[in-house]
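Colleague: First the structure, which I've put down as structure tokens, then a few questions once you've had a look.
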Amino acid sequence: MMQHVGYNSPPHLWNLRNSDGETAKDVFVKEHSEIREKAEKAVKDMNNGLMLIVTLIGTVIYAALFTPPGGYRQSENDPSYGLPVFHTDDMRMYYVHLYWGLLAAFVAFATMFSIQSCPFRSNDFYLDLPLRLLVAMTSLMLSVVFITLASRQIYIIERQNDFPLGEHITHACLLAATFILGSIDGSFLLLLRIHFFMANFNLFL
Numbered sequence: 011m012m013q014h015v016g017y018n019s020p021p022h023l024w025n026l027r028n029s030d031g032e033t034a035k036d037v038f039v040k041e042h043s044e045i046r047e048k049a050e051k052a053v054k055d056m057n058n059g060l061m062l063i064v065t066l067i068g069t070v071i072y073a074a075l076f077t078p079p080g081g082y083r084q085s086e087n088d089p090s091y092g093l094p095v096f097h098t099d100d101m102r103m104y105y106v107h108l109y110w111g112l113l114a115a116f117v118a119f120a121t122m123f124s125i126q127s128c129p130f131r132s133n134d135f136y137l138d139l140p141l142r143l144l145v146a147m148t149s150l151m152l153s154v155v156f157i158t159l160a161s162r163q164i165y166i167i168e169r170q171n172d173f174p175l176g177e178h179i180t181h182a183c184l185l186a187a188t189f190i191l192g193s194i195d196g197s198f199l200l201l202l203r204i205h206f207f208m209a210n211f212n213l214f215l
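Quick note on our numbering: the sequence shown kicks off at 11 and runs consecutively.
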């Protein structure tokens with residue numbers, strides 16, 4: 011709200027001081043210090059839970075990189091000794107999905123860590139924190155989508171996709187995960203824009 015008032019006020023008013031020698035920003039920060047502290051605690055509590063989820067997802071993906079389906083070839087007489095049993099193009103796609111999932115989980119964790127170490131100034135709540143949360147949530151959901159794709163590759167690798175509905179069920183799960191991703195991010199942006207609109211609308215009432 012403070013940002014909207016400032017943007018709709020003449021610039022020379024920004025640095026005017028009251029009888030106590032405080033600018034409008036100083037008064038705003040002082041009067042809303044309790045609200046800022048509560049908001050900081052709420053954001054950090056939510057972020058702690060999300061960091062735990064992202065850490066678990068990243069750990070599972072990292073472990074999956076070294077435990078391919080079917081294991082490794084154990085016979086020393088085999089020219090492909092040490093390579094995965096299912097060393098095919100489908101296996102390569104399986105690793106591609108895992109790598110992208112691990113990258114998305116890393117981006118989510120790094121963004122959430124930056125939120126956790128944020129100084130939580132008043133200006134941070136205007137745009138910086140919402141954008142970081144959006145990036146973190148998007149990366150988290152993308153990691154889930156890539157895990158779904160990796161699971162689909164396992165069915166293909168082990169030839170278990172002969173089940174008539176297996177392919178359709180996998181695609182349905184992928185579409186559902188993508189829909190959830192879009193819904194969360196879209197709802198977040200919509201609520202943010204509604205908040206900005208209502209703040210601007212209240213200025214003219």
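For each residue, glycine too, the CB sits at the ideal point set by N, CA and C.
Only counting the same chain, and skipping five residues up and downstream in sequence, which positions put a Cβ closer than 7 Å to that of Asn57?
Modeller: Counting only Cβ-Cβ distances below 7 Å, and skipping sequence neighbours, we find Met122, Ile125, Gln126.
Colleague: DSSP three-state label for Asn171, please.
Modeller: Only weak support exists for where Asn171 lies, its pLDDT of 46 falling under 50; the value from the coordinates is given anyway. Three-state result, Asn171: coil.
Colleague: If distances are taken between C-alpha atoms only, which option among Arg102, Leu152, Thr65 comes closest to Ile166?
Modeller: Nearest of Arg102, Leu152, Thr65 to Ile166, Cα basis: Arg102.
Colleague: Quick check: the Cα distance between Leu143 and Leu113, rounded to an integer number of angstroms?
Modeller: Spanning the two alpha carbons is a distance of roughly 17 Å.
Colleague: Can you give me the Cβ contacts of Lys48 inside the same chain, cut-off strictly under 6 Å, excluding the 5 residues immediately before and after it?
Modeller: If we look at Lys48 and ignore the five residues flanking it on each side, it has no Cβ neighbours.
Colleague: Should Ile45 be labelled buried (16 or more other beta-carbon atoms within 10 Å of its own) or exposed?
Modeller: Counting Cβ neighbours within 10 Å, Ile45 comes out exposed, since fewer than 16 surround it.
Colleague: Drop a sphere of 10 angstroms on the beta-carbon of Leu159, count the other beta-carbons inside from all chains shown, and report buried for 16 or more, exposed for fewer.
Modeller: That one is buried.
Colleague: In this structure, does DSSP put Arg27 in helix, strand or coil?
Modeller: Looking at Arg27 - three-state DSSP - the assignment turns out to be coil, as it is neither helix nor strand.
Colleague: State the Cα-Cα distance for the pair Asn70 and Leu60, rounded to the nearest angstrom.
Modeller: The sequence shown places Val at residue 70, rather than the Asn named in the question. C-alpha separation (whole angstroms): 15 Å.
Colleague: If you check the beta carbons only, do Ala146 and Ala118 fall under 8 Å apart?
Modeller: Yes. Within cutoff.
Colleague: Can you tell me the Cβ-Cβ gap for Ile164 and Pro79, rounded? I've got them flagged as a contact below 8 Å.
Modeller: Confirmed, Cβ separation roughly 5 Å.
Colleague: Buried or exposed for Arg131, going by 16 or more other Cβ atoms inside 10 Å?
Modeller: Classification of Arg131: exposed, given that the 10 Å Cβ count is below 16.
Colleague: Whole angstroms are fine: how far does the CA of Pro129 sit from the CA of Lys51?
Modeller: Whole-angstrom Cα-Cα distance: 12 Å.
Colleague: Just how far apart, CA to CA, sit Lys54 and Leu139?
Modeller: Between Lys54 and Leu139, the C-alpha separation is close to 11 Å.
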